[in-house]
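Residue numbers (the working numbering), protein chains in the order written: chain A, 1 to 366; chain B, 367 to 731.
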């Protein structure tokens with residue numbers, strides 16, 4: 001019965017790909033959650049500024065997730081990005097506070113560090129065939145160690161020109177909100193703009209350039225990509241190089257938002273957050289499947305969960321990460337079940353949990 | 367001569383970790399010669415307390431948790447083609463349960479054994495949770511264990527009530543992390559030896575090793591041959607759970623307190639590293655347990671050497687990373703192929719280089 005339904009359903013319209021299905025789920029869940037938060041808690045969630053703050057506060061995370069998505073689509077992984085972010089912020093702060101510091105120079109340092117990490121890791125992964133997890137793990141160790149070697153204590157930027165850049169806001173007056181002091185326009189930080197530009201650029205690259213298509217092909221199946229004449233090694237190398245560059249940009253964006261660097265700060269846990277964002281956005285670690293828009297919504301979803309937990313009054317620190325983990329669990333299970341229902345993986349549930357679905361599959365198999 | 371050759375071929379995986387360990391020892395010898403002070407290799411017997419101390423003993427002692435975790439991690443890597451990154455967080459949970467039971471009851475060996483068993487059960491539940499996600503729901507291990515990685519320390523916080531309970535100085539459980547009275551050798555070393563013996567016996571006399579490798583190499587083929595891949599993956603994760611509990615217990619009884627934030631922080635990365643340095647593929651399949659154990663001692667020897675060189679504990683990571691890259695590059699298939707070709711060119715001129723290259727690439731597969 002159910003088998004007939006699915007067959008007739010598929011004949012009627014174009015079959016939807018896994019990427020699109022996962023993307024749709026993520027976007028739906030994000031908007032459902034946000035609307036629910038608006039209805040239940042109102043207050044801050046009704047203000048447009050709260051929505052914009054999602055971008056303002058997490059610009060660096062969005063950029064990092066974009067880089068990770070590229071690497072994950074190509075079939076690898078990069079866990080050094082959080083460490084690189086921390087290293088970039090620390091180096092930039094030290095440089096800006098030194099006598100010869102300039103904004104252009106700090107930007108060069110940020111991009112240079114990111115590119116250097118991407119270059120070395122890409123070379124090792126692609127051309128020397130070392131496992132990406134271990135290479136980037138070493139990269140993470142190196143970045144974190146270097147951060148404390150550069151400066152052991154938290155530092156704040158004191159340079160005036162950079163402070164002015166950091167406090168620069170784009171104001172949209174019609175999106176503001178009424179408060180005690182009068183009409184406050186909505187404010188967009190520079191970092192948020194950078195993040196959106198990066199998302200757009202990566203979207204274009206993955207969709208419409210040869211490199212982007214090659215990345216999908218290499219991640220989907222190494223061997224057939226090679227037989228199609230794609231330079232597998234170079235594609236992998238570029239994926240890692242790109243991820244490193246984005247990590248450098250993310251570090252600078254983080255500095256633009258915080259204006260300080262801390263060796264034991266937020267940026268250190270960023271890689272796991274970024275991986276989680278990509279996963280929720282529908283990227284598969286096995287490679288070949290993923291979408292940058294999904295990644296963007298994955299980040300937004302995770303941070304909305306955080307906002308909701310904070311607003312709902314669960315102030316104890318353990319609640320935040322427990323809810324975070326529970327939601328992660330929910331999303332991962334949802335994806336697994338959805339993909340299995342489509343006959344991709346085939347869920348190995350015990351017999352009493354198969355609601356008629358598995359039976360028809362078995363019959364068709366025999 | 368041919369016997370030596372077959373032994374060499376059988377254990378070719380162990381060459382890289384052994385060379386790494388030897389290189390670290392050699393480096394220390396040179397360093398000691400340069401300084402003119404051989405205190406690094408000294409093993410002292412403290413007179414009034416009658417215990418052994420010295421850097422070598424410290425390395426053997428400090429690597430205990432890592433070695434135990436590396437053994438479990440090897441099995442998980444082999445069967446599930448992925449790694450468990452939640453071991454540190456699970457160890458925090460297991461350690462919290464252990465301390466909670468110890469402090470609520472009088473200090474005697476019965477209570478300690480019950481507490482160890484309880485923490486084992488808790489860690490096995492954590493392992494089973496990961497295992498179910500990986501085997502039944504077919505989620506990649508790293509993602510599945512990411513959940514416990516984020517949540518684990520918060521659960522430990524909740525068990526401890528936010529405090530960091532300490533164990534009294536005269537509690538007998540401290541013998542587990544330190545020394546039994548009258549015995550000069552640290553107890554964790556014995557625990558590792560016992561664990562290794564159990565693992566070796568189990569792998570020798572049961573099909574566990576064969577089945578995990580079969581599942582890791584080709585799940586479908588293993589299934590067609592009558593092996594249940596779901597059961598095997600779940601089993602490896604539960605075995606890792608036991609290892610995690612033991613590691614947590616050793617660390618807690620060594621520090622005499624539990625700090626859920628810092629206990630075994632980042633140990634998951636070191637454990638995975640130990641597996642990789644041991645020459646095992648992180649993509650699953652064939653494994654060599656001895657390689658992972660040697661890998662754990664390589665990492666600890668490296669850390670200890672850096673400490674002895676007066677490198678600050680926060681900076682150690684940067685130097686460690688460089689050595690790791692060197693070791694991994696040495697063991698990479700591309701470099702191996704080139705070195706073996708070079709080797710045969712230099713020393714065995716009669717053999718055709720092409721065949722040497724082909725046989726090495728076969729071994730790599």
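Note that beta-carbon positions come from the ideal geometry of N, C-alpha and C, so glycine has one too.
As the structure is a prediction and not an experimental result, all values here were calculated from the model.
How is residue i classed by DSSP in three states: helix, strand or coil?
| i | result |
| --- | --- |
| residue 502(B) | coil |
| residue 679(B) | coil |
| residue 271(A) | helix |
| residue 690(B) | helix |
| residue 699(B) | helix |
| residue 372(B) | helix |
| residue 170(A) | strand |
| residue 587(B) | helix |
| residue 344(A) | Bear in mind that a pLDDT of 49 at residue 344(A), under 50, signals an unreliable position, so the number given afterwards is only what the model happens to contain. If DSSP states are grouped into helix, strand and coil, residue 344(A) belongs with coil. |
| residue 529(B) | coil |
| residue 260(A) | strand |
| residue 286(A) | coil |
| residue 364(A) | With a pLDDT of 42 at residue 364(A), under the threshold of 50, the modelled position of that residue is not reliable, and no figure is offered here. |
| residue 726(B) | Residue placement at residue 726(B) is poorly supported in this model, since its pLDDT is 42, which falls under 50; the coordinates still yield a value, given next. Three-state result, residue 726(B): helix. |
| residue 572(B) | coil |
| residue 534(B) | coil |
| residue 295(A) | helix |
| residue 443(B) | helix |
| residue 156(A) | strand |
| residue 548(B) | coil |
For a contact meaning CB atoms closer than 7 Å, what does residue i contact in chain B?
| i | result |
| --- | --- |
| residue 146(A) | 684 |
| residue 329(A) | 513 |
| residue 276(A) | 512 |
| residue 321(A) | 516, 517, 520 |
| residue 153(A) | Under the 7 Å cutoff, chain B gives no residues; its nearest Cβ is about 11 Å from residue 153(A). |
| residue 325(A) | 513, 516, 517 |
| residue 336(A) | 503, 504, 505 |
| residue 123(A) | Within chain B, no residue comes near residue 123(A); the closest Cβ sits about 10 Å away, beyond 7 Å. |
| residue 333(A) | 503 |
Mind reading off the beta-carbon distance from residue i to residue j? Whole number of angstroms is fine, and I expect it under 8 Å.
| i | j | result |
| --- | --- | --- |
| residue 263(A) | residue 152(A) | 7 Å |
| residue 640(B) | residue 138(A) | That pair is no contact at about 14 Å. |
| residue 449(B) | residue 508(B) | 6 Å |
| residue 496(B) | residue 511(B) | 5 Å |
| residue 461(B) | residue 608(B) | The pair is not a contact, with the Cβ atoms about 14 Å apart (cut-off 8 Å). |
| residue 114(A) | residue 248(A) | 2 Å |
Using a Cβ cut-off of 8 Å, pull out every chain A residue sitting near residue i, in sequence order please.
| i | result |
| --- | --- |
| residue 739(B) | In the structure as shown, chain B starts at 367 and stops at 731, and residue 739(B) therefore has no counterpart that could be examined. |
| residue 523(B) | 317, 318 |
| residue 648(B) | 131, 133, 134 |
| residue 639(B) | 134, 137 |
| residue 681(B) | 145, 148, 149 |
Give me the chain B residues within the contact set of residue i, using Cβ-Cβ distance strictly less than 8 Å, ordered along the chain.
| i | result |
| --- | --- |
| residue 314(A) | Those within 8 Å of residue 314(A) in chain B number zero; the least Cβ separation is about 12 Å. |
| residue 272(A) | 512, 515, 516 |
Show which residues of chain A have a CB atom less than 9 Å away from the CB atom of residue i.
| i | result |
| --- | --- |
| residue 658(B) | Under the 9 Å cutoff, chain A gives no residues; its nearest Cβ is about 14 Å from residue 658(B). |
| residue 694(B) | 124, 128, 130, 131, 134, 135, 138 |
Along chain D, which residues have their Cβ under 7 Å away from the Cβ of residue i?
| i | result |
| --- | --- |
| residue 506(B) | Looking at the structure shown, chain D is missing, and the protein chains on hand are A and B. |
Name, please, each residue of chain A whose Cβ falls closer than 7 Å to the Cβ of residue i.
| i | result |
| --- | --- |
| residue 699(B) | 129 |
| residue 635(B) | 137 |
| residue 396(B) | In chain order: nothing, as chain A lies at least about 23 Å away. |
| residue 509(B) | 279, 285, 332 |
Problem set entry | Any 3 or more C-beta pairs closer than 8 Å across the segment 601-610 of chain B and the segment 434-453 of chain B | Here the segment 601-610 of chain B lies against the segment 434-453 of chain B, with 3 or more beta-carbon pairs under 8 Å apart.
For this session: Indicate whether the contact test is met: 3 or more Cβ pairs, each with one atom in the segment 295-308 of chain A and one in the segment 91-107 of chain A, closer than 8 Å.
Result: Taking 8 Å as the limit for Cβ pairs, the verdict is that the segment 91-107 of chain A does not touch the segment 295-308 of chain A.
Exercise. Are at least three pairs of beta-carbons, each pair with one atom in the segment 294-301 of chain A and one in the segment 318-326 of chain A, less than 8 Å apart?
Worked result: The segment 294-301 of chain A makes no contact with the segment 318-326 of chain A; the number of CB pairs closer than 8 Å stays below 3.
Exercise. Whole alpha helix (DSSP H) runs in the segment 182-250 of chain A with 4 or more residues, listed along the chain?
Worked result: With a minimum length of 4 residues, the continuous alpha helix (DSSP H) runs that stay inside the segment 182-250 of chain A are 190-208, 210-220, 222-227.
Exercise. What are the complete alpha helix (DSSP H) segments, minimum 4 residues, inside the segment 590-643 of chain B?
Worked result: Taken in chain order, the whole alpha helix (DSSP H) runs of length 4 or more contained in the segment 590-643 of chain B are 595-621, 633-643.
Exercise. Okay, do the segment 411-429 of chain B and the segment 559-569 of chain B touch, 3+ Cβ pairs below 8 Å being the bar?
Worked result: Counting C-beta pairs closer than 8 Å gives fewer than three between the segment 411-429 of chain B and the segment 559-569 of chain B, which falls short of the contact rule.
Problem set entry | Start-end ranges of the alpha helix (DSSP H) lying completely within the segment 371-434 of chain B, minimum 4 residues | Complete alpha helix (DSSP H) runs here, min 4: 381-401, 421-428.
For this session: Would you be able to state if there are at least three C-beta pairs under 8 Å between the segment 688-695 of chain B and the segment 476-486 of chain B?
Result: Touching, no.
Problem set entry | the segment 532-540 of chain B / the segment 405-412 of chain B touching (three or more Cβ pairs under 8 Å) | Contact between the segment 532-540 of chain B and the segment 405-412 of chain B is absent: fewer than 3 CB-CB pairs across the two stretches fall below 8 Å.
For this session: Please list the segments of the alpha helix (DSSP H) lying wholly inside the segment 461-516 of chain B, counting only runs of 4 or more residues, in order along the chain.
Result: If you keep only unbroken alpha helix (DSSP H) runs of at least 4 residues inside the segment 461-516 of chain B, you get 475-501.
Exercise. If we count Cβ pairs, one from each stretch, closer than 8 Å, do we get three or more for the segment 72-80 of chain A versus the segment 49-56 of chain A?
Worked result: They do not touch, by the three-pair rule.
Exercise. So, do the segment 194-201 of chain A and the segment 246-254 of chain A have three or more beta carbon pairs nearer to each other than 8 Å?
Worked result: With three or more CB-CB distances shorter than 8 Å, the segment 194-201 of chain A counts as touching the segment 246-254 of chain A.
Exercise. Are there three or more Cβ pairs, one per stretch, closer than 8 Å when the segment 699-712 of chain B is compared with the segment 467-479 of chain B?
Worked result: In this structure the segment 699-712 of chain B does not touch the segment 467-479 of chain B; the number of beta carbon pairs closer than 8 Å is below three.
Problem set entry | beta strand (DSSP E) segments (min. 3 residues) lying fully within the segment 11-80 of chain A | Runs found: none.
Exercise. When the Cβ atoms of the segment 114-126 of chain A are set against those of the segment 233-242 of chain A, are three or more pairs found closer than 8 Å?
Worked result: Result yes; three or more Cβ-Cβ pairs closer than 8 Å.
For this session: Evaluate the contact criterion for the segment 138-149 of chain A versus the segment 278-288 of chain A: three or more CB pairs, one atom per stretch, below 8 Å.
Result: No, because fewer than three Cβ pairs between the segment 138-149 of chain A and the segment 278-288 of chain A fall closer than 8 Å, the two stretches do not touch.
Problem set entry | the segment 103-113 of chain A in contact with the segment 214-221 of chain A per 3-pair CB rule at 8 Å | With a cut-off of 8 Å, the segment 214-221 of chain A and the segment 103-113 of chain A do not count as touching, because too few Cβ pairs lie within range.
Problem set entry | Meets three-Cβ-pair contact criterion under 8 Å: the segment 391-401 of chain B and the segment 624-634 of chain B | With a cut-off of 8 Å, the segment 624-634 of chain B and the segment 391-401 of chain B do not count as touching, because too few Cβ pairs lie within range.
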